[in-house]
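Position 229 (the sequence shown) corresponds to 229 in UniProt numbering; numbering is contiguous.
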Amino acid sequence: PFLKKKTDGLDSSEHQNRLEAFYEGQADIYDETRRRLLRGRSTMLKLCAAQLAQFYPVRFANDFKTGKAGESVTDPSVLPSPPISPSLLASNDKRYAWIDIGGGTGANIEMMNTFFPIRNFDKVYLVDITPSLCKIAEERFKRLGWTNVSVICMDASKFTIPKEDGEDLEIALMTMSYSLSMIEAFYPIVDGLVNVLSPTGIFGVVDFYVSSKRSSDPTRQLSWLSRWFWSIWFDADNIYLHPCRRDYLEHKFKTVKTLNGKNRGMFPGTAIPYYIWIGAQHGAELESIDEKIDENDSIAEEEEVARNAALATVPKLPHVSSDHVHGQGLRWRQPFDPALIPRFSTYIYAFAWEDPRTDLEFLDLTPDDRMMIITSGGCNALEYACKVGPARIHCVDLNPCQNNMLELKLAGISSLQYADFWRLFGEGYIPNFSNVLDTHFSPYLSPYAYHFWKETAGFKNLFKTGCSGLAIRIFQFVAKARGLAGAVERMCNADTIEEQWNVWEKEIRPHFLSKWLIMLLNNDRFLWGALGVPPAQMQMLLEEGSAYDYVVNTFDPIIKQSHLRDDNYFYYVCLMLKYTPQNAPSYLTEEGFNALQQNPSRLDAFRIHTRTIVEVLKDEVADGELTRVILMDHLDWFSQEDADEEITAVARKTAKGGRAYWRSAGKYPWYNSLFEERGFKVSPCQIRDENQRYIDRVNTAAFVYKSRTASSVQRAPTLSDTRPFTGATYHPSTFSLDKIPSLSGKTALVTGGNTGIGYHTCKHLALNGAKVLMACRDKERANNAIARIQNEAVAAGKTVDIEFVHLDLADLAQVKQAAVGVSQRIAKLDILVNNAGIMDVLSDKPFKLTKDLFESMFAVNHLGHFMLTKHLMPSILMSSNPRVVILSSYAQWRAPLCGIDFSSLTNFNESYAGTHYYGQSKLANLLFSNELAARYPHKLLVNA
């Protein structure tokens, strides 16, 4: 083909002659020879059928007719199709047609009969320019007896609807199957189709493609080799794959669904890129949201304003909007930046890992509440919706795949019968899930969610997917290798808790609590990749005990006090890979399913956000809108700055009297004080301690906390919140604040004193009479903290002496300058608290160098404090009873096996995770405190 002379110009007759010369000799075998090459045609047709059924009447469905006269007529050629559209009765007299452009032999039309019976169309037009293929099509439809199908052999750009078919004929469907890439002058074709398709119609395309060099949609991006190779390869056969064809489609129409695939079955080692695109007309909106908003509903108005503002913060995409007639797929999912997609390959949890029974006990939810929660597996959000039905449920997760899971569950509730919904989400598997995804789920899924599930549709059990599925598969492997499979099944199906405990204690526990498990729990990559536990959160666990202690304190109480078979579906599903009808989340029961499916307002309450919580609060939630905020345990991961930013945003968006709830792996998380600083009153709901090991059916959190805001906000909640808190109290130690002696005449310096532990240290030192120097990097934040302390002192009838000292621990020259300046200001220093620190363990690149070319965590946490202490020692030794307090951490056990690896302080070691760098900085704190105490045994008291 490369050596043949090509015809100049764009002549339709020449184009027809060229195609006829190519196809004439193979028309009879065309369908058979193209089956492997032209992939995706049936998927495209199924998507079109499912979308059509949402708006157009399905008069023939499942072998019966519900026609204009209401008669029932058996149609033997019809196979099962999508369920009858809810708009059937309203649209029964509508006449509608389908145009299949470049339809060739008519195979697509015959295939479509399986998904959307052809008798539903008043007319079907097959338009193709090749006479030999049109002849095969005519013979096909004559054999089938389909008199409503017309084969028209002509250039598609010249096709018009025959006048004799009536002006009231509505073009409900247009399709192009591997024909757009063969049309040389495609612009006028696409322009003409815009004028033909009904405002409520659907346009389906499947074709080969290559991406642009930099695509805004990461799911369609191809390598430079693929882009150039396939363009040149197909050009030899007059098939044109330039991305402008697809781009022009998306410019002239709105995208409803899209799928990018690769045909790997044609030639060994090859993958031919193809795409499926479903589109609709611009401007086919339903009743506008503004018209639906009650004039007195100020929350709804502000929410809509916030949503419109949020649209300006994400890239402009060609998708339909939620108010489009074919926008069901955007009913819940809010726009987000698709650049997030390559960062996440899958979700962590297929199911939620927080007990909603405990949540509901403390939430006091009402139908008037407006919530924000972290999506996770979506189970808890669905639990609140089916049990109570709050007015709004904002579900937030930065991982698009995690939100895809919630979308799938919502789409399943909207499209499936209960028995099928239970098979997939209760038993973990429904046969031919990929097909059901096309025929039932697809109208209710956003384009990216559909693409994700289409690519991952091959699973055999939903509960073995995602990162948590890896942990489940590892457990299954070990159980099978050690001959424990039978014991696990007996434990899970035991009739009594006593029998369950007996199997656990004697048969499973000795293996489960072995060295291999503890080794896995000490592996950062396993913790994050399989269990979703980041290093920072594991660090909180280790500060209160060993990994072994944590495992024992988690699982022993579960087996002793919770009946797995009848009342603990969390562990039952992990061990048995299915729920039981009597032991499942509420939304999986038939009663809960019906409560959601039969009450659309409960599903309409969902808004799914693929952004950070701070971004969502800032851009998409009105001030004072929220009455309940559930943060789960993710604050465990944060730095002080990030936690403070989020808690500040939560405070602004929470109504007066509203509540925030969170769990933590630690019993007394450091960020509780941040909530108090932002106007919340913090109270524990449950704490796992020596007297109460079992706090809920999951039992992985050490505590559940709630806080109620008393700060002034713009709006009060709809329902007054007067129920008194009746949760537990706690006593972390025998120490109490009233035991602090008078510190009058003492001078103290605290690093990092503007927030967290440092802030409260400064406050109580000052309130008890000490002169306090708050040493911080950020002057504005330090002055704000000082002002808060001064206000508290005034309220308590006291005066305080507290000053700001500029200190940047990452800059050793500045540290020295600060120490010299302090020594010149004071006669003596009685107390030095080396509190400040950074824990940059979650960053993709935890190794960073300071300006002095030291690793940043070691520089700030140890070297800066070492330098500060050294230059302050003359002032410290002037005190009659000096004390130095150095904050270390149990994380010192995370240091490299060699202890401090001095080569890693200036050079990156790729075998070290962020926790290794943090761990050795904390080890250095301990070693420094020991040596400091040894050098001044009778002059200085050193605490670490």
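Note that the Cβ used here is the ideal one computed from N, Cα and C, for glycine as well.
| Check | Outcome |
| --- | --- |
| Grouping DSSP H, G and I as helix and E and B as strand, with all else coil, what is residue 938? | coil |
| Taking all protein chains shown into account, decide if residue 937 is buried (16 or more other Cβ within 10 angstroms of its Cβ) or exposed. | exposed |
| DSSP on residue 576, reduced to helix/strand/coil? | helix |
| So what does DSSP say about residue 828, is it helix, strand or coil? | coil |
| Please state whether DSSP places residue 332 in a helix, a strand or coil. | coil |
| Go through its chain and collect everything with a Cβ distance to residue 847's Cβ below 7 Å, but skip five positions before and after it. | 855, 908 and 917 |
| I'd like the span of the beta strand (DSSP E) that includes residue 220, first residue to last. | Taken as a continuous stretch (DSSP letters only), residue 220 belongs to no beta strand (DSSP E), as it is neither H nor E. |
| Determine the extent of the beta strand (DSSP E) in which residue 170 is found, giving its start and end residues. | 170–177 |
| From the DSSP secondary-structure annotation, give me the bridge partner or partners of residue 277. | 205 and 258 |
| Which whole-angstrom value describes the C-beta separation of residue 344 and residue 377, a residue pair presumed to lie in contact below a C-beta threshold of 8 Å? | With a Cβ gap of about 15 Å, residue 344 and residue 377 do not count as contacting. |
| Excluding five sequence neighbours on each side, which residues of the same chain lie with their C-beta closer than 7 Å to the C-beta of residue 899? | 923 |
| Thinking C-beta only, is residue 751 closer than 8 Å to residue 834? | yes |
| Could you tell me whether the region 247–258 touches the region 269–281, using the rule of 3 or more Cβ pairs below 8 Å? | yes |
| With DSSP collapsed to three states, give me the class of residue 123. | strand |
| Would you mind giving the Cβ-Cβ distance between residue 45 and residue 115, rounded to the nearest angstrom? I have them listed as a contact below 8 Å. | 6 Å |
| For a test of the three-state rule: what should DSSP assign to residue 337, helix, strand or coil? | coil |
| Thinking just about the alpha-carbon of each residue, which of 919, 374 and 440 is nearest to the one in residue 660? | 374 |
| Is it buried or exposed, residue 288, if we count other Cβ atoms within 10 angstroms and call 16 or more buried? | No answer about residue 288 holds up, because its pLDDT of 41 lies below 50 and its placement is not dependable. |
| Taking the continuous beta strand (DSSP E) assigned at residue 501, which residues delimit it? | No beta strand (DSSP E) contains residue 501, which is instead part of the alpha helix (DSSP H) from 497–503. |
| Go through its chain and collect everything with a Cβ distance to residue 929's Cβ below 8 Å, but skip five positions before and after it. | 884, 886, 888, 942, 943 and 944 |
| Can you give me the start and stop residues for the beta strand (DSSP E) that residue 774 sits inside? | 771–776 |
| According to the neighbour-count rule (16 or more other Cβ atoms, all chains shown, within 10 Å of its Cβ), is residue 736 buried or exposed? | exposed |
| Are there three or more Cβ pairs, one per stretch, closer than 8 Å when the region 589–603 is compared with the region 403–414? | yes |
| Considering just the uninterrupted stretch of the alpha helix (DSSP H) at residue 384, what are its terminal residues? | 379–387 |
| Who are the near neighbours of residue 464 in its chain, counting only those whose CB is closer than 7 Å to its CB and skipping five residues on each side? | 472, 473 and 577 |
| Quick test of the definition: if touching needs 3 or more C-beta pairs under 8 Å, does the region 96–113 touch the region 135–144? | yes |
| From which residue to which residue does the beta strand (DSSP E) around residue 649 run? | That residue, residue 649, is in no beta strand (DSSP E); its alpha helix (DSSP H) goes 640–653. |
| When you compare the region 868–878 with the region 812–823, are there three or more beta-carbon pairs, one atom per stretch, that lie closer than 8 Å? | yes |
| Helix, strand or coil for residue 759, going by three-state DSSP, please let me know. | helix |
| Locate the alpha helix (DSSP H) running through residue 459, then write down its first and last residues. | Counting along the chain, residue 459 falls outside any alpha helix (DSSP H), and DSSP gives it neither H nor E. |
| Figure out for me which residue from 441, 260 and 397 has the closest Cα to the Cα of residue 328. | 441 |
| Grab me the residues of residue 70's own chain with a C-beta within less than 6 Å of its C-beta, minus the 5 sequence neighbours each way, in chain order. | Note that residue 70 scores a pLDDT of 37, beneath 50, so its modelled location is shaky; the value from the coordinates is reported in the next line. Contacts found: none. |
| Under a Cβ-count criterion, where at least 16 other Cβ atoms within 10 Å of its own Cβ denotes burial, should residue 336 be classed as buried or exposed? | buried |
| Could you give the DSSP three-state label for residue 803: helix, strand or coil? | strand |
| Hey, how far is the Cα of residue 919 from the Cα of residue 927? | 12 Å |
| According to DSSP, simplified to helix, strand and coil, what is residue 468? | helix |
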